[in-house]
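Shown next, in structure tokens, is the structure this report addresses.
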Amino acid sequence: MVGVGVRPRRVGALHEAMFVVLLALGASWSAAAPAAAQGFVFEEEEVEQIAVSDTLARFLREGIEYYEREDFVAASIFFWRVITDPDPGAAPIRPRAQFELAKTLVRMRLVQSALFFFDDVIRTGEAHPYYEASAPWVVTIAARIPGNFDMLRRVQSFEGLFPDRIEARFHDQMAFMLGQHFYNVGELERALQYLGFVTEASTFYPQALFLRGVTFIRRYDARSAAESFLRLIHLAERGRSVRDVDVQRLRELAVLSVARTLYSTGSFERALEYYEDIPTTSMYWLQALFEASWANYQMDRFNRALGNLHTLSSPFFEDQFYPEAPILQAVIYFRNCRFREVRRVLEDFRYTYEPLREALEARMQELGTNREFFEFLASGRARSAGFDRRLQAIVNAALADRSLTNTLAYIDIIEGEMELVRTADRGWSNSEFARYLSDQLAETREQTVLLAGELVRNRLDAIVQELRRRQREADAILVETDLAEAGALTPALRAELFRGRRVEGDVDERPSAQTLWWTFDGEYWRDELGHYSYQVRSVCQ
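Going by our numbering, the first residue of the sequence shown is number -19, and it counts up by one from there.
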């Protein structure tokens, strides 16, 4: 078996000297010149035939045979021998061994480890003989590491093969991932282009619809965004069953997104219809309840808004993070000239959130490195004994960041592989190859931990800035309250005060006989959450 290799070949010193002498004498290269001198070029690379090592060729064949028998442990050792052998005879077959080893590791459920070898293929590009064959494997791995920016970048490296040189069964998945990648890097038109390639029969279609809607929002195209979200809602309501996709969760996100889109266009009544469609069992219910409070406020439905905010203050949700809720309460009371209530709410806000901000700032000063920030978050994830309840609320808020949650999930995947390598068959786990994988996984985990720590630092800093911003808003409301009580409001602000006794459509009367009426006595009951209503009256003159 013979392969083709390249080896540089220099001319000898004597021939170089002869060449210089001939030039000095003005001699010309002619047909009569010595054959050894004709066509002579310095530093010329000549192609030589390099024989493939028979031993390594046998290792490759045996590795393939073990792979086909699904003895992946044995196969991996043979492929590794070919890849790492310094014999020049390994060069022609090393690309095949790289590809086969990467495939083998995928079959061993070591997908991150497989990427160490697929990355070599990606770096070589189309010059690698197994570049095209690697594309579906990388797409498959990407499905197991969802949302990872680097993983999507790897998929994008095969973009030039799409769609003609990609197997049809991978088209939808790859199109969706390319859409995700271009959304992440801000190339929204290309994102929409690829998301549009995902077919309705695909398991990725609901996700593609949702991401299209979000992409249109980033392009300030509310109509197209709403159309995408509504198509997703209708898809879920028709009972669409999609494997490996939580369609109900996507439906709830789509409902929430439609509500937000309508709110942004001033369609508050229609927005409320969608906010109220989020069930109490949904993980998005509290967020919908809070945002519905703003929609009710915009329509002067103060009783309903305050009722929703009362639910958010329930001890059932004390580990949730809604610092804007008391600010909205204070604004509602201010507009109704209930200045005593304004001061009470803002005093409660200061009592709750000022120590929280100070504690967080102090903790951030203690955390110097990104690793320490990661460990701070990890302790919160574990809900370790004695972890401060108020700081837990901030940890929950930090975890709401999708980039961070994806990074944490990626760390879990890496740690799972490290455990698989460590606990594998002793002969394999003690091999040079297993030690190489362990070192690479440890390095990858370290890099990812530091990235997660940086994300935690940025997220906590954003929370501190939000608390400071809410405090400034509270201070501004107190200043306006002082001016209002002194009769020194500006005409514009005075015009904002509500002077009606009740608002059309607001809940300020006792319900019908079909509804039970309970007066709040300081106790919260789960079945009452979301159904509270205030009876606030304006005292503005």
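Beta carbons: idealized from backbone N, C-alpha and C, even for Gly. If you're wondering where the values come from, they're calculated on a predicted model, not measured in any experiment.
What did DSSP end up calling residue i once you bin it into helix, strand or coil?
i	result
A31	strand
S237	helix
A115	helix
Q521	coil
L158	helix
R479	coil
H(-5)	Any reading at H(-5) needs caution, since the residue's pLDDT is 35, under 50, leaving its predicted position unreliable; the model's value is listed next. Helix, per DSSP.
D201	coil
D51	coil
H108	coil
T64	helix
F184	coil
A378	helix
L347	coil
M88	coil
G127	coil
Could you check whether residue j and residue i sit closer than 8 Å to each other, using their CB atoms as the reference points?
i	j	result
P303	Y333	yes
L189	S208	yes
V528	N283	Beyond the ends of the chain as shown, which are -19 and 521, falls residue 528; an answer cannot be given.
A122	V101	no
P72	V32	yes
I391	V429	yes
D152	T195	no
F353	R437	yes
V381	R439	Here the sequence assigns Asp to residue 381, which means Val is not the residue at that position. Cβ atoms of D381 and R439: closer than 8 Å.
A205	F177	no
S411	I63	no
A378	L357	yes
Can you name, in chain order, every residue of its own chain whose Cβ lies under 7 Å from the Cβ of residue i, other than the five neighbours on each side?
i	result
F96	Q420
R370	L336 and A339
V322	A310, Y313, F314, I457 and T461
R250	L242
F478	D280, R315, N316, S518 and C520
A115	F138, L141 and I146
L172	R192 and T195
D65	L36
Taking residue i as the reference, give the member of the options with the closest Cα.
i	options	result
P186	Q228, E167, G166 and L172	Q228
A55	M131, P471 and F39	F39
A216	D201, A206, A234 and A205	A234
N386	P126, T120, W60 and I121	P126
Y255	G176, E232 and G287	E232
T531	I197, H290, T260 and G407	What is shown of the chain runs -19 to 521, which leaves residue 531 out entirely.
L141	R406, F319 and E106	E106
M344	G433, Y163 and R218	G433
T349	Q445, N164 and L435	L435
T120	Y110, R149, E446 and H108	R149
R124	Y111, M157 and A113	M157
Cα separation between residue i and residue j?
i	j	result
M398	P68	32 Å
A442	I213	32 Å
S273	R450	17 Å
E341	N128	30 Å
R203	A305	29 Å
F59	A70	11 Å
A454	R517	22 Å
Y313	D328	14 Å
D405	E426	25 Å
A389	R474	52 Å
R320	L292	21 Å
Q515	L289	14 Å
Q267	L384	19 Å
T261	L230	14 Å
G360	P259	28 Å
Q78	P109	11 Å
For residue i, which residues of its own chain have a beta-carbon under 8 Å away from its beta-carbon, when the five flanking residues on both sides are left out?
i	result
W117	A82, K83, V86, A94 and F98
V401	L90, S93, S409, A414, L417, S418 and L421
I44	A55 and E80
T424	Q92 and I394
Cutting at 6 Å between CB atoms, please list the residues of its own chain near residue i, excluding the five before and the five after it.
i	result
R199	L168
F248	A275, Q278 and M279
Q160	L132
V325	P306, Q309 and A310
F52	T84, R87 and M88
A239	A251, Y254 and Y255
R170	F162
P143	H151
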